[in-house]
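**Q**
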Amino acid sequence: MEPFDDDEDEDEGGSCESELDEHVEVERRLDQDLSRFEMIYPNHNVLENRVDDQDTHIAQLEEDNLTMKEKLSMMEMDFGEFKRRLQYLESRDMVVGEDGSGEVVENESEIYCERKLIMH
Numbered sequence: 001m002e003p004f005d006d007d008e009d010e011d012e013g014g015s016c017e018s019e020l021d022e023h024v025e026v027e028r029r030l031d032q033d034l035s036r037f038e039m040i041y042p043n044h045n046v047l048e049n050r051v052d053d054q055d056t057h058i059a060q061l062e063e064d065n066l067t068m069k070e071k072l073s074m075m076e077m078d079f080g081e082f083k084r085r086l087q088y089l090e091s092r093d094m095v096v097g098e099d100g101s102g103e104v105v106e107n108e109s110e111i112y113c114e115r116k117l118i119m120h
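Under UniProt numbering, think of the first position of the sequence shown as 1, with each following residue one higher.
Have a look at this one:
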């Protein structure tokens, strides 16, 4: 074991001071070096702009959705009208055969053809 030396404590104390001086010097140089550079941080407005863009996009999608629902409703109304017209035309053109058989004939021209066939 080595004898305890008081000089080592002084050297360690001196080395602590020199380390502190070096640390201060390094910080000073870093401050000077950093002053030459511009630090760029993400702007908080970027996130706000992104949220605004998403809100705008959502509003546009909601408007498109409403427009599509209106178009679908109009198409359903048109479809219903076409269906009523078709049913009316079909019911008007449906005629029961005159032979009393109760057979439904789709239009009058078929009745005429059937009459010709029966007569011959």
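We put the beta carbon where it would ideally sit given N, CA and C, even for glycine.
Could you tell me whether the Cβ of GLU25 comes closer than 8 angstroms to any Cβ of chain C?
**A** Looking for chain C here will not work: only one protein chain is present.
**Q** Reducing DSSP to helix, strand and coil, say where MET94 ends up.
**A** Looking at MET94 - three-state DSSP - the assignment turns out to be coil, as it is neither helix nor strand.
**Q** Out of curiosity, what's the CA-to-CA distance linking ARG29 and ILE58?
**A** ARG29 and ILE58: Cα-Cα distance of roughly 51 angstroms.
**Q** Here's a check: name, in chain order, each residue in its chain whose Cβ is nearer than 6 angstroms to the Cβ of CYS16, leaving out the five neighbours to either side.
**A** Excluding sequence neighbours, CYS16 sits near nothing in its chain.
**Q** How long is the line joining the alpha carbons of GLU63 and ASP31, rounded to whole angstroms?
**A** Rounded to whole angstroms, GLU63 to ASP31 spans 54 angstroms at the Cα level.
**Q** Tell me the rounded alpha-carbon separation between ILE92 and PHE82.
**A** The question names Ile, yet the displayed sequence has Arg at residue 92. Taking the straight line from one Cα to the other gives about 15 angstroms.
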